[in-house]
Structures are given as structure tokens and as C-alpha cells.
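First comes the structure, then the notes that go with it.
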Amino acid sequence: MEQIRRIMRPTDVPDQGLLCDLLWSDPDKDTAGWGENDRGVSFTFGTEVVGKFLSKHEFDLICRAHQVVEDGYEFFAKRQLVTLFSAPNYCGEFDNAGALMSVDETLMCSFQILKPADKRKLFVSPQRHMSQTKPKAKPTRRPEPPTCMESRHQPPRPAYGHRVSHNITPTSLCVV
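For the record, in the sequence shown the residue sitting at position 30 is 30 according to UniProt numbering, with numbers rising by one throughout.
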């Protein structure tokens, strides 16, 4: 843990080493110990790696991110690790939900699920809009949606959410 505390922030992520592995390593139910990562960087790890880390550092839960999961959050290793992903409909390609995790004063974890908004409700066709406002004006062409790289500079797409609570009351949390 001391190595993690000593990481200078902000910083660039190197191609290998501790910081790279904190960001890019992924849980994998089919991996025993450590394995190769399909992303081409860092490693995958199995349930026993999670258990050993938690025991060594006297934690009950690891909270991680940086991996798309369908429902916005996903448990691993008998709920000893949770992956959060907060961007619904990531890059317009995944149709995933997003999630936010809250931890109350008793360390009860709850999740707010952010479902992607219905695309049909986001846009009004130019013809319909123009016919309602300026009947003689020519309709304008709708701009192309932003690419994934551009989307981080755009306002977030509307989403709707609901809360889900899980009976997880760890005595300590490790947020990676």
C-alpha cells in the first residue's frame, strides 16, 4: 500500500509497472493466479489473488473501475471485488448501463444505476422541428455524433437511474 501512496499525482500512465497494472489489470473467473490480458497490456487475476490482497491489507472489498460492465457494476470473487463503470452507452457502442456507488456511515454500499436514454427522445427530426417553427426555412442537417475521443468534451448524454442496495457491510474498503 505504501507503493500506491507514493505515486505522484497527477501523472502519466506508463506502459508497464505498478501504475499501469492498477489501471489496466482485470479480474477473470477463468484465471488461476495471474494471466495474460486480452487488452494487450497488464494482466488478468483470479479470485485467489483478490483474497490474498484483502487478507494481507486487512480489507473487505476492492472497488475498481476502467472496464465496461453491462449493468454498470459487477461483483467478482464472492463479492470481495466490485467493478464500477459510470458511462452509460459507452462511446455509443456498448449499450451498457452506468453506475455510481455510495457508501454510508455504516459502510453499506448502494448503487445508482444510470440507464442509457432512449435515442429517439434525444433528437427531434430537423423536418419536424422546422415545420413547427419556420415553415419556409430549409431543414438543416443534423451534425454527426462525436467520436469516442471527442465525446469527453461534450455534455453528458441524458440518462435515467434507480438505486440498488446490496447487503455489503465491509469493515474497510480498498478503492483502487
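Note that CB positions come from ideal geometry on N, CA and C, so glycine has one too.
What you are looking at is a predicted structure, and each value in this text was computed from that prediction instead of being measured.
Local Cβ density within 10 Å of residue i, reported as buried at 16 or more and exposed below that
i          : result
residue 83 : buried
residue 81 : buried
residue 6  : exposed
Cβ-Cβ distance between residue i and residue j below 7 angstroms
i           : j           : result
residue 37  : residue 70  : no
residue 211 : residue 72  : Lying outside 1 to 176, the shown extent of the chain, residue 211 is not represented and no answer is given.
residue 101 : residue 85  : no
residue 87  : residue 50  : no
residue 57  : residue 108 : no
residue 22  : residue 3   : no
Between the CA atoms of residue j and residue i - distance to the nearest angstrom
i           : j           : result
residue 20  : residue 40  : 12 angstroms
residue 115 : residue 61  : 25 angstroms
residue 10  : residue 106 : 31 angstroms
residue 92  : residue 30  : 29 angstroms
residue 55  : residue 66  : 24 angstroms
residue 75  : residue 63  : 9 angstroms
residue 52  : residue 90  : 32 angstroms
Residues that residue i bridges to, as DSSP identifies them
i           : result
residue 26  : 44
residue 103 : 109
Could you check whether the stretch 38 to 47 touches the stretch 11 to 28, counting it as contact only if at least three pairs of C-beta atoms, one from each stretch, sit closer than 8 angstroms? yes
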